[in-house]
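Everything below concerns the one structure shown next.
4 protein chains.
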Amino acid sequence: MRIKDESKQKAIINATVKLVNEIGFAACSVSKIADLANVSPATIYIYYKNKEDLLISTFIEIKKMLSETLLVNFDKNRPFRDILKTFWDNGFRFSAKYHDLYLYMEQFANSAFNDLVNHDEIDKHFAPFFEVLKRGIEQKVIKDVPFEMLTAFIFYPMMILANSKQCKNLTLNSETIDKAFSLAWDAIRL
Amino acid sequence: MRIKDESKQKAIINATVKLVNEIGFAACSVSKIADLANVSPATIYIYYKNKEDLLISTFIEIKKMLSETLLVNFDKNRPFRDILKTFWDNGFRFSAKYHDLYLYMEQFANSAFNDLVNHDEIDKHFAPFFEVLKRGIEQKVIKDVPFEMLTAFIFYPMMILANSKQCKNLTLNSETIDKAFSLAWDAIRL
Amino acid sequence: MRIKDESKQKAIINATVKLVNEIGFAACSVSKIADLANVSPATIYIYYKNKEDLLISTFIEIKKMLSETLLVNFDKNRPFRDILKTFWDNGFRFSAKYHDLYLYMEQFANSAFNDLVNHDEIDKHFAPFFEVLKRGIEQKVIKDVPFEMLTAFIFYPMMILANSKQCKNLTLNSETIDKAFSLAWDAIRL
Amino acid sequence: MRIKDESKQKAIINATVKLVNEIGFAACSVSKIADLANVSPATIYIYYKNKEDLLISTFIEIKKMLSETLLVNFDKNRPFRDILKTFWDNGFRFSAKYHDLYLYMEQFANSAFNDLVNHDEIDKHFAPFFEVLKRGIEQKVIKDVPFEMLTAFIFYPMMILANSKQCKNLTLNSETIDKAFSLAWDAIRL
DNA sequence: GATGAATGAGTGTTCATTCAT
DNA sequence: CATGAATGAACACTCATTCAT
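What follows is the structure, encoded as structure tokens:
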């Protein structure tokens with residue numbers, strides 16, 4: 034048995050991401066992806082059960098990458114604000130470095146496919162982040178409100194600001210990123 | 034000649050919104066909409082130039098409704114924080130009252146169709162909101178940062194919190210809504 | 034009872050002919066014709082039983098016009114060759130003057146609709162022409178071959194030569210028309 | 034992978050030709066062709082880019098066959114009249130043997146599709162025929178008139194006479210074919 | 001007489017997926 | 001493993017025609 038060609042799978046994923054960004058989820062078909070990836074449509078079904086599986090797997094893959102990037106330089110012994118700031122900076126770094134992946138992630142998360150994803154599985158990768166928030170509440174550094182309310186003022190503003198389509202007039206640089214963080218921090222700190 | 038039956042157009046819009054919420058944008062076809070609206074597919078093309086036109090027009094209609102709802106009880110002479118709080122409450126009221134419309138709006142805004150919309154036209158309806166922010170900055174009540182940064186901490190957290198799909202574990206009531214507002218306010222105030 | 038608006042009917046016929054020439058029979062729809070004629074699709078059904086009736090009636094109308102034009106200056110007492118030459122010139126005059134009608138006629142005659150036409154009815158209008166041929170045979174001026182063979186060397190070459198689409202490189206003027214007639218005449222004369 | 038089934042393509046072409054003859058160009062739809070060919074509509078799009086491509090390719094294929102048939106027994110050293118007579122006989126042979134193809138060709142040539150064909154490409158196959166005419170003029174055997182005028186008295190009468198729909202009352206046999214040729218020859222000879 | 005609204009049936013084409021090689 | 005051929009079902013959209021006014 035030959036081994037599955039990893040370069041082919043990567044080509045498929047890249048094509049998927051690129052195409053979704055170019056023409057959107059609805060217009061994205063398996064054969065168009067195959068064309069762009071320079072493989073046969075049938076080949077895609079070797080690597081993925083079906084179209085849904087391809088789209089979902091790609092999403093999960095990206096989410097994993099994001100969680101890994103977010104945790105770079107994570108040191109739970111540093112001051113609470115600094116830890117959050119590191120997350121924040123890492124998030125923007127990811128959005129800049131892997132912009133296509135980032136936009137795919139957003140389109141996916143707001144599509145009907147999102148309902149089909151096992152989010153508990155994904156949340157595991159973000160566990161350290163939730164741990165930090167939990168300690169922050171316990172140590173009375175941040176407000177004692179539900180997690181979802183906290184993330185609504187940390188994660189989502191970040192996602193919007195990092196989304197070039199939604200924020201056309203805002204240039205992202207270390208200055209604006211810092212500024213934005215001060216808003217996020219003010220929102221949640223006690 | 035027969036006169037245009039307004040109830041038909043309403044049925045088409047309702048069916049569109051409902052279907053997008055049920056099965057998502059990508060899976061939403063003209064004939065499915067027609068079936069749900071109890072009209073012939075051809076009838077849809079009397080009221081709309083094509084599928085794109087139907088989806089965009091529906092989006093704009095909803096945006097208009099939202100802007101109108103946001104401005105209820107708007108009184109520019111009240112204290113700045115109160116004005117914002119009124120916007121905030123109106124936003125959640127809209128999301129509760131017209132939940133389907135709200136979810137449609139979100140899916141649309143994150144789809145590829147969003148690029149086809151003339152956003153300047155829509156922004157006009159939200160002008161009073163931007164005026165308020167502008168005055169807030171001038172009067173040194175809120176932080177002097179770009180508009181898009183301010184809305185990222187007011188509008189978008191609201192949209193996330195009001196989106197039942199994204200925030201499954203958060204019950205919205207006047208208490209949580211007030212609490213969330215205090216975070217938004219802390220984010221932007223000086 | 035109001036009287037049928039003759040100008041409307043003319044507009045419909047003109048639109049039909051123009052559209053068939055522009056986009057061809059297959060692409061020609063009732064609503065497109067209605068648009069071009071500036072009437073409602075329903076109006077067409079006041080004047081014609083259905084689309085087929087419209088197309089056929091238009092064809093017959095044109096054929097009638099052609100037969101009338103062919104008979105201009107017809108004088109059975111003139112020499113046989115002169116009579117034919119008059120037919121010949123009249124034919125080219127018609128094709129030049131009513132070029133759109135001419136091309137419509139050709140497209141129609143070669144389409145499947147042609148089978149639906151009562152050709153005996155049309156042939157009546159061309160009876161004088163056949164009479165002339167008959168006399169020509171009797172007087173041993175032209176070859177004694179079946180009518181259809183004679184027309185194949187008079188009518189059809191004329192139709193081809195007068196069809197700008199088929200004969201792109203041939204300029205029609207009195208000289209070339211005369212020249213062509215000499216070929217036709219040589220073909221049939223004894 | 035499966036290999037392209039040549040019999041399928043042939044079935045598609047046959048169905049196309051047959052259907053055009055039965056119901057005409059305008060009424061001829063892809064799904065009807067697919068039904069008659071016993072393939073899925075989608076299969077047609079494996080062999081042809083679209084409907085237009087199918088119709089045009091079929092036309093060109095037939096034209097090529099015709100040109101090959103016309104050139105059977107072609108010997109440029111025989112007397113000029115004999116060469117033409119051989120063309121003439123070959124033409125009628127083709128029209129009899131491949132009557133459906135012949136009628137398809139005629140309908141196509143008089144439809145709007147004809148404008149989309151690259152006629153220079155087709156004319157190449159008929160080059161020997163034009164060569165013969167050219168030599169005939171040079172050797173002062175036939176009249177010195179434009180090519181299009183000559184073909185109008187050779188090709189087109191032949192096409193009409195061979196078209197059973199246009200010439201219902203004329204039986205084609207070697208006698209009538211010879212007779213008709215004498216008219217054509219008289220038309221063009223000096 | 002004249003109209004635009006309304007439609008079921010159809011259009012050409014693409015879809016996600018499977019099959020044979 | 002990898003492929004292009006093959007497909008039934010669906011797609012967005014237009015058709016010829018009728019209806020109510």
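Chains as they are written, first to last, in our numbering: chain H, 34 to 223; chain W, 34 to 223; chain C, 34 to 223; chain B, 34 to 223. We put the CB at the ideal spot given by N, CA and C, even for glycine. As the structure is a computational prediction, the values presented were derived from the model and not from experiment.
Q | Under 8 Å between C-beta atoms of G57/H and A145/W | A | In contact: G57/H and A145/W (Cβ atoms closer than 8 Å).
Q) How far does the alpha helix (DSSP H) with V174/C in it reach, from first residue to last? A) Looking at the DSSP string, V174/C is not in any alpha helix (DSSP H), and its letter there is neither H nor E.
(Q) Give me, in chain order, the residues of the same chain whose beta-carbon lies closer than 7 Å to that of S235/C; leave out the 5 immediate sequence neighbours on both sides. (A) As shown, chain C starts at 34 and ends at 223. That puts residue 235/C outside it, with no answer to give.
Q. Can you tell me whether DSSP reads R111/C as helix, strand or coil?
A. The three-state reading of DSSP puts R111/C in coil, since its state is none of H, G, I, E or B.
Q. Which whole-angstrom value describes the C-beta separation of A220/C and L216/B, a residue pair presumed to lie in contact below a C-beta threshold of 8 Å?
A. Right, their Cβ atoms sit about 4 Å apart.
**Q.** Runs of alpha helix (DSSP H) wholly within the segment 35-78 of chain H (minimum 4 residues, chain order)
**A.** Segments of the alpha helix (DSSP H) lying fully in the segment 35-78 of chain H: 39-56 and 63-70.
Q) Once you ignore the five residues that flank I193/H on each side, which residues in its own chain have a CB closer than 6 Å to its CB? A) Once the five neighbours on either side are set aside, the close Cβ partners of I193/H are Q199.
Q: Consider the Cβ of D211/H: report whether some Cβ of chain W lies at a distance smaller than 8 Å.
A: Using beta-carbon distances, D211/H does not count as an interface residue toward chain W, since no partner is under 8 Å.
**Q.** Beta-carbon proximity of F120/B to L103/B, cut-off 8 Å
**A.** A contact, by the Cβ cut-off of 8 Å.
Q. When we look at the beta-carbon of M34/H and count the other beta-carbons within 10 Å, is it buried (16 or more) or exposed?
A. In this predicted model, M34/H has a pLDDT of only 38, less than 50, meaning its place in the structure is not dependable enough to derive any value.
(Q) Rounded to whole angstroms, what is the Cα-Cα separation between I210/B and L166/B? (A) Spanning the two alpha carbons is a distance of roughly 20 Å.
**Q.** P190/H vs F186/W beta-carbon contact at 8 Å
**A.** Pairing P190/H with F186/W gives a Cβ-Cβ distance under 8 Å.
**Q.** Beta-carbon spacing of E208/W, N202/H below 8 Å
**A.** No.
**Q.** Contact set for K97/B: own chain, Cβ-Cβ below 7 Å, skip 5 residues either direction
**A.** Contacts found: H158.
Q: List the residues of chain C that L134/B touches, going by C-beta distances under 7 Å, in chain order.
A: Within 7 Å Cβ-Cβ: nothing; L134/B doesn't reach chain C, min ~16 Å.
Q) Checking contacts by CB at 8 Å: is I193/B closer than that to chain C? A) At least one CB of chain C lies nearer than 8 Å to the CB of I193/B.
Q: Check the C-beta distance from N311/W over to D133/W and give it rounded, since I have them as a contact under 8 Å.
A: The question about residue 311/W has no answer, for chain W in this structure spans 34 to 223.
Q) In whole angstroms, what separates the C-alpha of S73/B from that of D177/B? A) Between S73/B and D177/B, the C-alpha separation is close to 54 Å.
Q | T76/B versus A67/B: straight-line alpha-carbon distance, rounded | A | Between T76/B and A67/B, the alpha-carbon positions lie close to 8 Å from each other.
Q | Alpha-carbon to alpha-carbon, G169/W and P179/W | A | Answer to the nearest angstrom: the Cα atoms are 12 Å apart.
Q. Do F92/W and L205/W have their C-beta atoms within less than 8 Å of each other?
A. Contact annotation: F92/W and L205/W have beta-carbon atoms that are not nearer than 8 Å.
Q | Delimiting residues of the alpha helix (DSSP H) encompassing A217/B | A | It spans S207 to I221 - the alpha helix (DSSP H) in which A217/B sits, taken as one unbroken run.
Q) Is there at least one Cβ from chain B nearer than 8 Å to F58/C's Cβ? A) When Cβ-Cβ separations below 8 Å define contact, F58/C makes contact with chain B.
Q) Going along chain B, which residues have a C-beta under 7 Å from D12/C? A) Outside the shown range of chain C (34 to 223) lies residue 12/C, about which nothing can therefore be said.
Q.
Going by DSSP, what residue range makes up the alpha helix (DSSP H) through T91/W?
A. T91/W -> alpha helix (DSSP H) spans K84 to L103.
Q | Alpha-carbon to alpha-carbon, D86/H and L149/C | A | If you take the alpha carbons of L149/C and D86/H, they lie about 56 Å apart.
Q. Counting only beta-carbon atoms, is V178/W nearer than 8 Å to chain H?
A. At least one beta carbon of chain H lies nearer than 8 Å to the beta carbon of V178/W.
Q) Taking Cβ positions only, does M144/W come closer than 8 Å to chain H? A) Note that residue 144/W corresponds to Ser in the displayed sequence, not to Met. True, the Cβ-Cβ gap to chain H drops below 8 Å.
Q) Are the C-beta of M182/W and some C-beta of chain H separated by less than 8 Å? A) So yes, M182/W belongs to the interface.
Q.
Considering only the alpha carbon of each residue, which of L223/H, I155/H and N151/H lies closest to Q172/H?
A. The residue with the shortest Cα to Cα distance from Q172/H is L223/H.
Q) Run through DSSP, which three-state label would K130/H get? A) Reduced to three states, the DSSP call for K130/H is helix.
Q. Mind checking if E101/W is an interface residue toward chain H, Cβ cutoff 8 Å exclusive?
A. Chain H contact via Cβ: absent.
Q.
Using only the alpha-carbon positions, how far apart do I46/W and L69/W sit?
A. Their Cα atoms are separated by approximately 10 Å.
Q. Taking DSSP as the reference, what is the three-state secondary structure of V165/B?
A. Reduced to three states, the DSSP call for V165/B is helix.
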